[in-house]
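Residue numbers (the UniProt record's numbering): 1 to 257.
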């Protein structure tokens with residue numbers, strides 16, 4: 001019977017179960033998450049080689065003229081090394097992990113979750129999923145406020161396939177804005193990507209100009225009506241607040257609109 005139980009455990013029947021309990025399911029990108037991994041032993045003793053927590057999200061990629069959603073691992077964090085878990089035994093392992101700064105924020109339809117996995121040889125990997133609400137950093141909040149002050153309205157947020165920009169990840173998170181006041185009529189949209197640089201914040205901005213006249217129509221048809229800009233705001237500039245960043249963004253966007 002014992003051997004039969006081991007065979008069942010190897011395919012996930014009667015094997016160890018894992019459950020992660022977070023102190024709080026809300027965290028700022030780059031911030032700290034605390035919680036406990038709770039493990040309940042199955043019908044037989046099992047050797048747990050390692051326990052990992054994975055930070056995961058998903059992105060879209062165009063394949064054969066359609067959008068395909070892919071799951072991606074942002075970080076894999078070791079919680080504990082191996083131990084022998086007796087049948088029916090309970091064990092709780094407290095943890096404290098840092099959520100990577102490049103974790104996308106939970107705006108619109110951008111899911112971010114933790115997956116806790118037990119590394120068990122010759123067995124299916126029991127796992128647990130916990131969704132997070134990832135909030136923008138203070139630096140990002142300043143830029144959001146500046147764009148709103150300039151009359152830009154956030155229309156869409158997506159994780160898009162862009163391995164050359166992802167800095168080790170296959171995607172970037174794009175914030176798509178439309179002008180509602182001063183730049184309305186000059187711009188179609190503004191796409192903004194954020195790249196944290198310790199205390200600084202680098203922006204990658206794509207300015208989509210509105211075509212005007214025959215020359216504008218030809219530019220649009222040839223795909224030359226967009227401008228790509230990189231700009232870095234220092235920690236000091238960001239600490240001066242929304243008005244300072246708004247002023248600089250206004251000068252920058254006006255130059256290309």
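Note that beta-carbon positions come from the ideal geometry of N, C-alpha and C, so glycine has one too. Since the structure is predicted, the reported quantities are computational estimates derived from the model, not experimental observations.
Cut-off 7 Å between Cβ atoms - residues of its own chain near residue 244, not counting five sequence neighbours on either side:
The count along the chain shown starts at 1 and reaches residue 244 at position 244. Excluding positions up to five away in sequence, the list reads 237.
Residue 107: first and last residue of the uninterrupted alpha helix (DSSP H) it sits in
In the chain shown, the residue the question calls residue 107 occupies position 107. From DSSP, residue 107 is part of no alpha helix (DSSP H); its letter is neither H nor E.
Exposed or buried, what is residue 131 when buried is set at 16 or more other beta-carbons lying within 10 Å of its beta-carbon?
In the chain shown, residue 131 corresponds to position 131, counting from 1. Residue 131 is exposed by the Cβ-count criterion.
Counting only the same chain and skipping the five closest in sequence on each side, list residues whose C-beta sits under 7 Å from that of residue 81.
Numbered from its first residue, the chain shown carries residue 81 at position 81. 50, listed in sequence order.
Bridge-paired residues (DSSP) for residue 18:
The residue you call residue 18 lines up with position 18 of the chain shown. Bridge partners of residue 18: 39.
Helix, strand or coil at residue 89 according to DSSP, with G and I counted as helix:
Taking the first residue of the chain shown as position 1, residue 89 is located at position 89. Three-state result, residue 89: coil.
Cβ pair count under 8 Å reaching 3, the segment 66-85 against the segment 174-193:
Flag = no, the segment 66-85 and the segment 174-193 do not touch.
Starting from residue 127, trace the beta strand (DSSP E) both ways and give me its first and last residue.
On the chain shown, residue 127 is found 127 positions in, with the first residue counted as 1. It spans 127-135 - the beta strand (DSSP E) in which residue 127 sits, taken as one unbroken run.
Option in 240, 241 and 196 with minimal Cα separation from residue 230
Residue mapping note: residue 230 aligns to position 230 of the chain shown, counting from 1. Here the closest residue by C-alpha is 196.
Give the C-beta separation of residue 84 and residue 47 to the nearest angstrom, bearing in mind that I take them to be a contact with Cβ-Cβ under 8 Å.
Along the chain shown, read from residue 1 onward, the residue named residue 84 stands at position 84. Along the chain shown, read from residue 1 onward, the residue named residue 47 stands at position 47. About 6 Å; that satisfies the 8 Å criterion.
Taking buried to mean at least 16 other C-beta atoms within 10 Å of its own C-beta, is residue 57 buried or exposed?
Taking the chain shown and counting its residues from 1, one reaches residue 57 at position 57. Its Cβ being crowded by 16 or more others within 10 Å, residue 57 is buried.
Whole angstroms is fine: what's the gap from residue 86's alpha carbon to residue 113's?
For the purposes of this step, residue 86 is identified with residue 86 of the chain shown, where counting begins at 1. For the purposes of this step, residue 113 is identified with residue 113 of the chain shown, where counting begins at 1. Roughly 29 Å between the two C-alpha positions.
Contact check, residue 143 vs residue 29 under 8 Å by CB: the rounded distance?
For the purposes of this step, residue 143 is taken as the residue at position 143 of the chain shown. For the purposes of this step, residue 29 is taken as the residue at position 29 of the chain shown. About 13 Å separates the two Cβ atoms, so there is no contact after all.
Around the C-beta of residue 202, are 16 or more other C-beta atoms found within 10 angstroms, so that it is buried, or is it exposed?
Your numbering for residue 202 matches position 202 in the chain shown. Result: exposed.
Taking 8 Å as the cut-off, decide whether the C-beta atoms of residue 18 and residue 103 are in contact.
The residue given as residue 18 occupies position 18 in the chain shown. The residue given as residue 103 occupies position 103 in the chain shown. Pairing residue 18 with residue 103 gives a Cβ-Cβ distance that is not under 8 Å.
Buried or exposed: residue 36, going by 16 or more other Cβ atoms within 10 Å of its Cβ?
In the chain shown, the residue the question calls residue 36 occupies position 36. Burial call: exposed.
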